[in-house]
Amino acid sequence: MAENIMKSQQNDLSSLMERASKRDSTVPFDGYSRDDGNIPGNILIVESGDCVYSFAKSDIMDRETLGEDRIRVYVRQGATAFRLGRMRAGEPQDAFQDAFMVAMENISPPTSPGMPGEPKPAGGPGGLANAEAMEHLAPPSAVDVPGAPRYAEAGTGQAQTQAQVAQPRVLAPPLSTVGSYWTNSCIAGDTFANNCAHFLSDAFIRAGYTELSAPNPYINARCYTYARRPIRAREMWAWFASKAVRTSSTPTPYTGWWAVFQLDESVYWGGHVALFDSNSWTYYGTGWYGAWRQYMYQW
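Per our numbering, the very first residue in the sequence shown carries number 5; after that it's consecutive.
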């Protein structure tokens, strides 16, 4: 009898371990579902009235019922999918993407090659290379050249603990304040493989930009925790542009602080965001892609 009980428990544990392994390297999506009548072999996930996904059934590694006809599917990370959303006739083509790589915020961008003279991460000699959240993204190779900017000192000034939530402010805080709140993390403790917008939006919100935590016309995707931080670099890019009073495409020393979007669609469609202090030649973010096109904003 005891032997049968132990064997049953072992089978249950093996079943649970097998199910857990199916969810490694997957991305979860919730919604109502049915077969895609337009693409044989695909399933539709209706996430909301504004967003519908079509995934190949072969890319769904696991699924579970959430009740009331809703399900959660676990899609293989890196799988190609289709997304349908609302659009307005006459908008530029790039305003509506009906085909894209699944959940760019969950997929690591390629490693950026180091470039002589580019800014180094704020945070001391170790920088972000030793940060826990960087296990999925190799940092750029450091290139030391005469006259290269020094490392910034982190953890000084106005930085606060994650438990301290910013209070609403009438005027927009200076961008330098955002750097003081950079912690390379989200206040809720969750992470994706690519966290550039996730962690930078956390710093903006805790610095006083509460407009990013409230319903915002530029922000649609948020992290799945109570913090609800914006997680897509392109959406942060649109928000940067909406606030800007000055723009630039070239990092230039001693021109102040800049919110930066970096993009090379041929390499990584999702792009990358960072905060740049040109006075100390340092950046705050999960990486710096100096070889990509630079979209820089001040306000």
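Don't be surprised by glycine CBs; every beta carbon is placed ideally from N, CA and C.
Cutoff 6 Å; reference residue i; Cβ partners in own chain excluding five residues on either side
i: W261; result: L179, S180, D281
i: K247; result: W303
i: D34; result: R76
i: P144; result: Low confidence applies here, because P144 scores a pLDDT of 37, under 50, leaving its location unreliable; read the following figure in that light. Cβ within range, chain order: S116, G118.
i: A207; result: V182, Y185, W186
i: V249; result: W303
i: Y305; result: For residue 305 there is no data in the structure shown, the boundaries of the chain being 5 and 303.
i: A103; result: Because A103 carries a pLDDT of 46, less than 50, the predicted location of this residue cannot be relied on, and the following value inherits that uncertainty. The residues are F86.
i: W296; result: Q266, L267, D268
i: W241; result: F265
Whole-angstrom C-beta distance between residue j and residue i, which should lie under 8 Å
i: Q298; j: S253; result: 5 Å
i: R226; j: G274; result: Contact flag wrong, Cβ pair sits at about 15 Å.
i: T286; j: P123; result: 5 Å
i: D40; j: I47; result: 6 Å
i: S189; j: F203; result: 6 Å
i: R233; j: S205; result: 5 Å
i: T84; j: N199; result: About 22 Å separates the two Cβ atoms, so there is no contact after all.
According to DSSP, residues forming a beta bridge with residue i
i: K305; result: As shown, the chain starts at 5 and ends at 303. That puts residue 305 outside it, with no answer to give.
i: A192; result: Answer by DSSP bridge pairing: none, since A192 is not bridged.
i: D268; result: Y272
i: V50; result: Y36, V56
i: W261; result: D281
i: Y17; result: The identity of residue 17 in the sequence shown is Leu, whereas the question assumes Tyr. Note: L17 sits in no beta bridge, so no partner.
i: G315; result: Within the shown structure, residues of the chain are numbered from 5 to 303, placing residue 315 beyond reach of any answer.
i: R226; result: P234
i: R87; result: Y57
i: T30; result: R80
Unbroken alpha helix (DSSP H) run spanning residue i, endpoints
i: G183; result: 179-184
i: W210; result: In the sequence as displayed, the identity of residue 210 is Arg instead of Trp. Segment 200-211, the alpha helix (DSSP H) holding R210.
i: A242; result: 237-247
heavy atom of the ligand SAH below 8 Å from residue i C-beta
i: P219; result: No copy of the ligand SAH occurs in the structure displayed, which carries no ligand at all.
Contacting residues, own chain, Cβ-Cβ under 7 Å from residue i (five flanking each side not counted)
i: Y293; result: S116, Q266, H276
i: S58; result: D40, I43, N46, L48, A85, F86
Residue range of the unbroken beta strand (DSSP E) whose run includes residue i
i: R250; result: 250-252
i: M119; result: M119 -> no beta strand (DSSP E), and no H or E assigned at all.
i: R297; result: 297-302
Residues of its chain near residue i, where Cβ-Cβ distance is below 8 Å and the 5 sequence neighbours each way are ignored
i: E68; result: I75, R76
i: G45; result: A60, K61, S62
i: Y313; result: The requested residue 313 does not occur in the structure, where the chain is confined to residues 5 to 303.
i: S52; result: G35
Please list the segments of the alpha helix (DSSP H) lying wholly inside the region 59-83, counting only runs of 4 or more residues, in order along the chain. The region 59-83 contains no whole alpha helix (DSSP H) run of 4 or more residues.
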